[in-house]
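Okay, structure first, notes after.
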Amino acid sequence: MNNVEYKRKSKLVPLTIAVIFLIFSAFVYYQSLFQPVTANTDAPQKVINIPKGYSTVKIGKILKENNLIKNEWFFVLRVKALNADGKLQAGKYLLSSNMTTDQIIKKIAAGKVQNDTIKVTIPEGFTVKDIAEKLSQLGLVNKNKFLEVAQNDTFNYDFLKDIPKDRPSRLEGYIFPDTYQIPVDASEKEIINSMLKRFEEVYNTTIKDNAKNVGMSPDQIVIIASMIEKEAVVDKDRPLIAGVIYNRLKKHMKLQIDATVQYALGKHKDKLLYKDLEVDSPYNTYQHYGLPIGPICNPGFKSIEAALFPAKHDFYYYVAKEGGSHIFTKTYEEHLKAQKAILTNSK
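So in this note's numbering, the last spot in the sequence shown is 668, and the numbers never skip.
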């Protein structure tokens, strides 16, 4: 073998290896496209809406944007291979990233939407806007339509009859925090109704007959409970905070509850500034006496119970400690000392 042939062969070896590697890599990648985006069996489910008249390419794009498939062009090829082109049906589908591309195609081609439900947990303290945002992220509702229906549609419940029509968020406080099984094809109104029905159960068994015992209307109980929900972190503090609210109301003191200012601002701030306390809003309890004009969130059962059965004590102030519990005091001077002690201990 002369030097020319040797050099030629020595160049071909790495080139051949590179070609084989590329072919092998392409094969491995192609095989991976048949697998789900994730192998996690607990991957969250999401409702995907396939509009009428959408092409296979457009459907593939929706699925890729929602991280349900790895490659939209592979999706198109598999639709053709499975003889499903032109057979994909419009509708809402409950899909997950742990489904294979073939499983997704077969489900959409079969139009399997009617029996699908998605489990949704609404945490205590969520506002109506928070709920709309969560349901929208899951693909269950149009956020703006959900808020519009909540504010303006008709809902026939006794506990809603006395709510002022000009309240900025009419259903705030009445969409009960709980875990729901929601059909994927449910409308915004149907979803809201299911949550109002759950509140109705609490209203009939707990609120309706007990509100008068503390001299409040059911609506006022919900308002108080919403403030407790936002202020309390540990359960043992809920009736104590309720007691402070009732004590201040009886003394005609401003409630001065930070959570009402947060609601008035329309955003959460880790630390309120003095200028924040001056925000012009009927929800701002630093500026107005008495209760705010409506609930500031949707309270859970424990906060509602605390509003109905407040602790009896002589406290008028409280301040949060590290960890979320509170120090309760009788006088403003004691309150300032408690604040100072917390600041000293945090250094």
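Ideal placement from N, C-alpha and C gives every residue a C-beta, glycine not left out.
Please read all numbers here as calculations on a predicted model, not as lab measurements.
Give every residue of the same chain whose Cβ lies closer than 6 angstroms to the Cβ of C618, excluding the five residues on either side of it in the sequence, and list them in chain order.
Taking the sequence shown and counting its residues from 1, the one referred to as residue 618 is at position 297. So the qualifying residues of the chain are G446, T448, S547, E550, K551.
Sort P616, Y567, P539 by Cα distance to A580 and report the nearest one.
On the sequence shown, position 259 is the one that residue 580 refers to. Considering only P616, Y567, P539, the residue with the shortest C-alpha distance to A580 is P616.
Rank A405, A364, K373, S418 by C-alpha distance to the C-alpha of L384 and give the top, closest one.
For this step, residue 384 is matched to residue 63 along the sequence shown. Per the C-alpha coordinates, the member of A405, A364, K373, S418 positioned closest to L384 is S418.
Sheet register partners of S508 (DSSP bridge):
Here residue 508 refers to the residue found at position 187 of the sequence shown. Answer by DSSP bridge pairing: none, since S508 is not bridged.
Going by beta carbon distance, what residues of the same chain come within less than 6 angstroms of K661, once the five residues before and after it are set aside?
Locating residue 661 in the sequence shown gives position 340, where the first residue counts as 1. Excluding positions up to five away in sequence, the list is empty.
Buried versus exposed call for V462 [16 or more other C-beta atoms within 10 Å across all chains shown]:
Taking the first residue of the sequence shown as 1, we reach residue 462 at position 141. By the 10 Å Cβ count, V462 comes out buried.
In chain order, which continuous runs of the alpha helix (DSSP H) of length 4 or greater are located wholly inside the region 606-636?
Listed in chain order, the alpha helix (DSSP H) runs fully inside the region 606-636 are 622-629, counting runs of at least 4 residues.
Measure how close the beta-carbons of G432 and Q410 come, nearest whole angstrom, since I'm counting them as under 8 angstroms.
Walking along the sequence shown from the start, residue 432 turns up at place 111. Walking along the sequence shown from the start, residue 410 turns up at place 89. Contact flag correct, Cβ pair sits at about 4 angstroms.
Specify the secondary structure class of T377 as computed by DSSP and reduced to three states.
On the sequence shown, position 56 is the one that residue 377 refers to. Residue state, collapsed to three classes: helix.
Given a cut-off of 8 angstroms on the beta-carbon distance, is the pair E509 and V535 in contact?
As a working mapping, residue 509 is identified with position 188 in the sequence shown. As a working mapping, residue 535 is identified with position 214 in the sequence shown. Their beta carbons are not under 8 angstroms apart, which means E509 does not touch V535 by this criterion.
Which partner residues of Y281 appear in the DSSP bridge assignment?
Any property of residue 281 remains undetermined from this structure, which presents the chain solely from 322 to 668.
Is A405 helix, strand or coil when you go by DSSP?
The count along the sequence shown starts at 1 and reaches residue 405 at position 84. It is coil, neither helix nor strand.
Identify the continuous beta strand (DSSP E) that holds L468 and give its terminal residues.
Sequence index remark: in the sequence shown, residue 468 carries index 147 (1-based). Annotation: L468 is outside any beta strand (DSSP E); the continuous alpha helix (DSSP H) that includes it extends over 464-473.
By Cβ distance, which residues of its chain are closer than 6 angstroms to A553, with the 5 residues on each side in sequence left out?
Against the sequence shown, residue 553 aligns to sequence position 232. Closer than 6 angstroms at the Cβ level, and outside the excluded window around A553, lie R559, I562.
Just to confirm, is the Cβ distance from F480 to E521 under 8 angstroms?
As a first step, residue 480 is located in the sequence shown; it is residue number 159 there, counting from the start. As a first step, residue 521 is located in the sequence shown; it is residue number 200 there, counting from the start. Against a cut-off of 8 angstroms, the Cβ pair of E521 and F480 comes out as a contact.
Close Cβ partners of N361 (< 7 angstroms) along its chain, the five nearest in sequence each way excluded:
Here residue 361 refers to the residue found at position 40 of the sequence shown. Same-chain partners within the cutoff: N419.
Within the chosen definition, does the region 509-519 reach the region 589-596 through at least 3 CB pairs nearer than 8 angstroms?
Too few Cβ pairs lie closer than 8 angstroms, so no.
Complete runs of the beta strand (DSSP E) confined to the region 514-574 [at least 3 residues]:
List check, beta strand (DSSP E) in window: nothing returned.
Compare the C-alpha of K408 against each of W394, K391, I390, Y375 and name the closest.
Here residue 408 is taken as the residue at index 87 of the sequence shown, counted from 1. It is Y375 whose Cα lies nearest to the Cα of K408.
With a threshold of 8 angstroms, are at least 3 pairs of Cβ atoms found where one atom belongs to the region 597-609 and the other to the region 567-579?
Three or more beta-carbon pairs drawn from the region 597-609 and the region 567-579 are found closer than 8 angstroms, and the two stretches are therefore classed as touching.
Helix, strand or coil at H589 according to DSSP, with G and I counted as helix:
The sequence position of residue 589 within the sequence shown is 268, counting from 1. Note: H589 maps to coil in three-state DSSP.
N- and C-terminal bounds of the alpha helix (DSSP H) containing V449:
Working through the sequence shown from its first residue, we reach residue 449 at position 128. Membership of V449 in the alpha helix (DSSP H) is indicated by the continuous run 449-458.
Can you tell me whether DSSP reads A364 as helix, strand or coil?
Position 43 of the sequence shown holds residue 364. DSSP places A364 in the coil class of the three-state scheme, outside both helix and strand.
Same chain, Cβ closer than 8 angstroms to D597, neighbours up to 5 away in sequence not counted
Here residue 597 refers to the residue found at position 276 of the sequence shown. Within the same chain, D597 has close Cβ partners V582, L586, K590.
Just verifying my parser: in three-state terms, what is the DSSP assignment at N477?
Within the sequence shown, numbered from 1, the residue matching residue 477 stands at position 156. Of the three classes helix, strand and coil, the one that applies to N477 here is coil, per DSSP.
For Y595, the three-state DSSP class (helix, strand or coil):
One-based indexing of the sequence shown puts residue 595 at position 274. Correct three-state label for Y595: coil.
Could you check whether E454 and K464 sit closer than 8 angstroms to each other, using their CB atoms as the reference points?
Mapped onto the sequence shown, residue 464 falls at position 143. Mapped onto the sequence shown, residue 454 falls at position 133. Cβ atoms of K464 and E454: closer than 8 angstroms.
Closest to P603 by CA distance: which of Y638, I625, D487, K428 is it?
Stepping through the sequence shown from its first residue, residue 603 is reached at position 282. Out of Y638, I625, D487, K428, the CA that lies nearest to the CA of P603 is found in D487.
Around the C-beta of Q366, are 16 or more other C-beta atoms found within 10 angstroms, so that it is buried, or is it exposed?
On the sequence shown, position 45 is the one that residue 366 refers to. Q366 comes out buried.
N- and C-terminal bounds of the beta strand (DSSP E) containing A641:
What you label residue 641 is simply residue 320 of the sequence shown in a count that begins at 1. Start and end: 638-641.
Bridge partner(s) assigned by DSSP for Y720
Because the chain is modelled from 322 through 668, residue 720 falls outside the range shown and cannot be assessed.
Quick check on T359: does DSSP put it in helix, strand or coil?
Along the sequence shown, one-based indexing puts residue 359 at 38. The DSSP-derived three-state label of T359 is coil.
Mapping DSSP to helix, strand and coil, what is T581?
Numbered from its first residue, the sequence shown carries residue 581 at position 260. Reduced to three states, the DSSP call for T581 is helix.
Residue from P372, L456, A659, H647 whose Cα sits closest to the Cα of T500
To locate residue 500, count along the sequence shown from 1; it is residue 179. Measuring C-alpha to C-alpha distances from T500 to each of P372, L456, A659, H647 identifies L456 as the nearest.
Buried or exposed by the 16-neighbour rule on C-beta atoms within 10 Å, applied to P613:
The residue you call residue 613 lines up with position 292 of the sequence shown. A buried status is given to P613, since no fewer than 16 other beta-carbon atoms sit within 10 Å of its beta-carbon.
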